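Data first, discussion second: the structure below is written as structure tokens.
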Amino acid sequence: MNDTTITIDGKEVAAEQGEMVIEVADRENIRIPRFCYHKNLSIAANCRMCLVEVEKAPKPLPACATPITDGMVVKTRSPIALQAQKAVMEFLLINHPLDCPVCDQGGECELQDISMGYGEDVSRYNQGKRSVADQDVGPLIETFMTRCIHCTRCVRFGDEISGMRELGLVNRGEKSQITTYVEKNIESELSGNIIDICPVGALTNKPFRFKARTWEMKQHATIAPHDCVGSNLMMHERRNEVMRVVPAENEAINETWIADRDRYSHFALYTPDRVTQPMIKVNDTWQTVDWATALEHTVAGLQTVIHKHGEKAVGALASQSETVENYYMFQYFLRSLGINNIDHRLQQQDFSDQSAFPAYPHMGTTFEKIEESDAVVLIGSHTRKEQPMLWHRLHKASQNGAKMFAVNPVDFNLIFAFEKNIVPESGDLVAGLTQLLEHIPEGLQSATKPVILLGALAMNHPQAATLRSLAQKLADKIGATLGLVTSGSNSAGAWLTGVVPHRLPGKQAASNEGQDAQAMLQDQKQAYVLLNVEPEFDCANTGQALQAMNNAEFVLAVNTFTTDDMLQYANVILPAAPFNEISGHMINAQGDCQQFNAAIPPKGESRPAWKIFRILAQLCQIDEIAKFMTIADVFEAAQQHIAEPEAAKWTADSKNTAPRGTIRIAEMPIYAIDPIVRRAKPLQETHDATKVQGAHINKATASGLQVNTGDAVIVSQNDNEITLSVVINDCLADNTVYIAQGLAEHKTLGAAYAPIEIKRA
Amino acid sequence: MKLNQVCFRSLEFDDPASLKTYEEKVGGYKVWRKILKEKPSPEDLIEELKKSVLRGRGGAGFPTGLKWSFMPRHLDGPKYVVCNSDESEPGTFKDRDIMRYNPHQMIEGMAIASYILGATTGYNYTRGEYWEPFQACEKAVAEARAAGLLGSNILGSGVDFELHNMIGAGAYICGEETALLESLEGKKGFPRFKPPFPANFGLYGRPTIINNTESFASVPVILEKGADWFLNVGTERSGGTKIFSVSGHVNKPGNYEVPMGTPFKDLLELAGGMLDGRKLKAVIPGGSSVPVVPADIMMETNMDYESIGKAGSMLGAGSVIVMDETTDMVKILARISEFYDEESCGQCTPCREGTGWLSRTVHKVLHGQGTPADLDLLQDVSNNMMGRTICALADAAAMPVLSFIKHFRSEFDALVKK
Ligand SMILES: Cc1cc2nc3c(=O)[nH]c(=O)nc-3n(C[C@H](O)[C@H](O)[C@H](O)COP(=O)(O)O)c2cc1C
Ligand code: SF4
Ligand code: SF4
Ligand code: FES
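First to last, the protein sequences are chains A and B. For what it's worth, the numbering used here labels the leading residue of the first sequence as 2, then goes sequentially. For what it's worth, the numbering used here labels the leading residue of the second sequence as 4, then goes sequentially.
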């Protein structure tokens, strides 16, 4: 470390062998202009903007590609360096349209910024400028290719980060063009990052474009609420309206990237079904009322049910992406009323080993360490779509030579190649994992730093407990770290604060154990309390959940949005402010408890959910509620339970039997994962959103049914039939039908890994 | 003056490209057979090459023995030998004739290189337009393979060497060694940033030796006749012979293999003298990318690296473009600039933007629409391109502009409006 010294602009600085001049300069805050260099991409050294003078070198050298040597003397602003930089700037500008006034990048353009420092006022170029035809690359990115300066950052991003070569440089010389080759959409779930790394306005944010200038917006740091990575975001707001989202750098979590889901989900925030006023249903009609009326109505409704049917007749479900504070007050309020049926594990089906859970489920390793592992086993994890930034680390591991293995219900395209990828028939993951355990491949056996991850599709499997104990056996045999990758952004927080029926905050066993998320829907309750849950989309068995809601006497929804069904089954809807309008904490898969503040005030009459539950508790005359005056008070109460990740030991066996016959495979698709994402229009227009529609079956199943792609089939679960269009997809195993969860058309169907009937329409 | 002593040794015989001629008449594959039998130390062979002062014939003139000594020979895993037969520099056509008339000597040179470097696979990359030379190489490789001179466990020696010919798709830039390697790997021919150099990070990221066809074809003769013999044929710092591709206003354009240091005027005489007895105006002595030299200087210059350097130009690939008094120098420059504009790969800003700018500006001047400021601009843009890019194509585009304006300023001045 720091074994070398070099001199930059007269300043002696420490450097490490192998570093490039630009890295050292950046660390010392000596700004060398650059376009092609990006610290998280390979070095191309093609823009030549970073030319600097190096003593004893006969000509200026590119700082981004010149490794340091001991005693090197670098001058970044000497006459020679400046002349070289200005010359490159002149070359860059001769064919650039200089249309800054109508360019979306204006004000945050690296070319504009650097040309202010290095460009001339009058161009010596008086010939025709190049113009390049634009391409339609889909709903998220707008191209204006005439502005491209050919830095190839976007190309390298595709090669190295998203793993999809979606853009390339065709033709030669002045005719060089960045294109998708044939006109096609850019489909990577990380695609939006090329907007950020494009130094000019060639690639811009399509749904945001022309809406605001950078200098009109204020930025606020926040955390992405859609998965357990907890990517750091910057939210840009103008006059209290969110305009766009970009990544905030955090090398330990999301580096300089974010998933498209995190970038575009904010477009849901102002949809017409957003609730911004308390609403109560009186004689089957909805009324918008003030808070006092609504709260009174709520307390009366709940107390009536409790009075008539007892506390056991109430079930409470929270989303998997609430803040620690929201969770804490949610369960505090409910338990104060004696309600113990509390859960957030909406899609889970097997709860048999819940007492063996550690204080909270976690990944068992860190994002950075995953890159260094030499073998990875994914069990029931469509990582690329569930946690795109976690997938990115796995991708890096595989690029570093790690061997990849999987047991999955579908042969998902995870871009990297698998040494072994087991896709068992009938979604029988236990059989698949047993097979792996009984014949451990050489590359796994000999690994020195193996990692095993259980994803949502394993956690929500009816034999999840058995999968965990099999994974444990595998981990013990090969010396692997074993971790769980949970759904939602703060399942860890939910566990720690006791948003589970069997535990109080801080892993304390509940003396009165309540029913889990499935039991409280199966066993019809008279009242339900929902916190940002849309049961007909979010629960494991959506058909059953919807029925339970419809049959309940009283349903309280503390939600950001309404759904058509909710307007039928709910009695009170209280407007909960979404993540960008509240402050709080969320705990990610590696155990970072990240704090964030509201970017803008709650819209209309919306309030943070923790405040709503606090006031409800107050109205119910719960004595101790006075101690929770501020959010800090709530966090303090919760914080004492936030523990370091604790190792688990999985030994239990599931009571459920293996799925047999024709089985429905289902996942919460990337753009249906939560209420916010489901409403984000740009995301709904992507290929990822549309391709999960329909009933997916493999060729063998299709020929058995004598159907072809596009034909109608009737599928039924829960005694409900729906008609879907067939998609032949050979990523599916025999005896499986993939029908996504979280889609409105599929809501009357039942659970994943449950039998399904399918026949020709 | 003795002609054709090294690379064109086979020319005096019938059917010069055949294995039969090469083995029986020329005495070819003698060195290869001897190496296979005696397994001499690679270090000694490299020393011999160093002593011969063989300099790379592809343009840059880097000493071949020295280059080979940099290669991490003892590294395990695949290593490669690559022959650069892309020959696309305007004015150059010597490798074409080595491949057509003496391909076995190139193959033997590559085989020897593979032994020295511990490589077992070689590629010969020919330019896209060289279908006939490519076919000649294909035939020669097949013959050599059938005779057991290539393949695995060659002649029972335990030495393996397999050679493949590859044909490009017609891009000048694929002659630049790292662009060539990219192209061989099936990618677009973009030069790589160096370092690392191919010796350490070459084809598929493995140690690779890449040399010009003429360089490889010289190796068997050096090792057969000795470094001293080779050195003595040429000059002290430019060993051996060189094939000069003479083109332009001469009576007998063609390839002439002469000793290094041959006076230009003798070479001109060999090429039949000036066409129609006209007066010499200027010569581009090393291919279109090197500076032009006016007649009077050229007539005093010998054909070797040092002498041509002193004359203000470069020997390059030995492509001698002869221009007589009727030549319109602005028109020639316009044609040359257009070539580099067309062939720039477009990665580096100065080259991508500069080559087009130069070409359009020279054309503007040619068509009488230029101004004196355009001439300054041309020189400025050229200077801003030189030495600022990933490969030397930008320099290749800039040097003609600078030298043409320097030496023939009056012709440019006459065209620009005052
Ligand atoms: C733009 C450009 C084009 C080149 N074209 C050729 C070529 O056609 N043939 C060749 O042998 N070398 C060519 N070179 C030189 C090669 O990069 C390299 O120096 C050569 O193959 C090394 O072989 P040598 O040492 O035997 O000359 C070119 C270089 C540049 C920069
Ligand atoms: S589109 Fe943008 S990122 Fe891509 S090469 Fe052009 S300027 Fe660079
Ligand atoms: S100098 Fe020109 S040809 Fe060479 S790499 Fe750069 S752009 Fe390509
Ligand atoms: S930043 Fe160094 S060459 Fe582009």
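C-beta: ideal position from N, C-alpha, C; glycine also. The structure presented is a predicted model; accordingly, all values stated were derived computationally and were not measured.
At a cut-off of 8 Å between C-beta atoms, Pro-375 of chain B does not count as an interface residue with respect to chain A. Beyond the five residues adjoining it in sequence on each side, Gly-662 of chain A comes within less than 8 Å, by CB distance, of Ser-427, Asn-736 and Pro-756 in the same chain, given in chain order.
Distances from the alpha-carbon of Thr-384 of chain A to those of A:Lys-370, A:Ala-407 and A:Thr-366 put A:Ala-407 closest.
Among the residues facing chain A, Asp-89 of chain B is not included, as its CB has no counterpart in that chain under 8 Å away. When 7 Å is used as the limit between beta carbons, Leu-380 of chain B is near these residues of chain A: Arg-125, in chain order.
Chain B places no beta carbon closer than 8 Å to that of Phe-597 of chain A, leaving this residue out of the contacts. Listed along chain B, the residues sitting closer than 7 Å to Cys-48 of chain A by beta-carbon distance are Thr-352. Apart from the 5 residues on each side of it in sequence, Leu-522 of chain A sits with its Cβ closer than 6 Å to the Cβ of Gln-545, Ala-546 and Ala-549 in its chain, given in chain order.
Residues of the region 397-410 of chain B that bring their beta carbon within less than 8 Å of a beta carbon in chain A are absent altogether. With contacts defined by Cβ atoms closer than 8 Å, Arg-148 of chain A and Pro-98 of chain A form a contacting pair. Under the three-pair Cβ rule at 8 Å, the region 568-582 of chain A does not count as touching the region 191-208 of chain A. Between Arg-262 of chain A and Val-738 of chain A, the C-beta gap is not smaller than 8 Å, which leaves the two residues out of contact. Residue environment for Gly-357 of chain B: buried (at least 16 other C-beta atoms within 10 angstroms of its C-beta).
Annotation: the continuous alpha helix (DSSP H) that includes Ala-145 of chain B extends over 134-149. For a cut-off of 8 Å, the C-beta gap from Leu-379 of chain A to Asn-414 of chain A is around 13 Å, too long to register as a contact. Using a CB distance cut-off of 8 Å, Arg-209 of chain B does not count as an interface residue toward chain A. In summary, no residue of the region 621-642 of chain A has a CB separated from any CB of chain B by less than 9 Å.
Ala-66, Ala-85, Ala-88 and Val-89: these are the residues of the region 63-89 of chain A whose beta carbon lies less than 7 Å from some beta carbon of chain B, given in chain order. 8 Å or more divides the Cβ of Ser-232 of chain A from the Cβ of Ser-192 of chain A. Secondary structure note for Pro-451 of chain A: its beta strand (DSSP E) is the uninterrupted segment 451-455. Nearest CB-CB separation between Asn-401 of chain A and chain B: not below the 8 Å threshold. Boundaries around Thr-180 of chain A are those of the beta strand (DSSP E), 178-180, since no alpha helix (DSSP H) includes it.
For Pro-266 of chain B, same chain residues with a beta-carbon under 6 Å away, outside a window of 5 residues either side, are Asn-305 in chain order. In this structure, the beta-carbon distance from Thr-67 of chain B to Leu-52 of chain B falls below 8 Å.
With the rule of 3 Cβ pairs closer than 8 Å, the region 294-303 of chain A counts as touching the region 618-635 of chain A. Relative to the non-hydrogen atoms of ligand 4, the Cβ of Phe-36 of chain A comes within a distance shorter than 7 Å of at least one. Secondary structure of Gln-113 of chain A (DSSP, three-state): helix.
A contact between stretches requires three or more CB pairs, one per stretch, nearer than 8 Å, and the region 498-516 of chain A fails this requirement with the region 704-723 of chain A. By the neighbour-count definition (other C-beta atoms within 10 Å, threshold 16), Gly-192 of chain B is a buried residue. Sorting A:Lys-370, A:Arg-608, A:Gly-743 and A:Val-171 by C-alpha distance to the C-alpha of His-151 of chain A places A:Val-171 at the top. Not one heavy atom of ligand 1 sits closer than 7 Å to the Cβ of Ile-380 of chain A. In terms of CA proximity to Gly-108 of chain A, A:Phe-211 leads the group A:Gly-695, A:Thr-70 and A:Phe-211. The alpha-carbon of Gln-372 of chain B is positioned some 28 Å away from that of Ile-324 of chain B. If you draw a straight line from the Cα of Glu-606 of chain A to the Cα of Phe-597 of chain A, it comes to about 21 Å.
Lys-23 of chain B counts as exposed, since fewer than 16 other beta carbons sit within 10 angstroms of its beta carbon. By the 16-neighbour rule on beta-carbons within 10 angstroms, Arg-214 of chain A is exposed.
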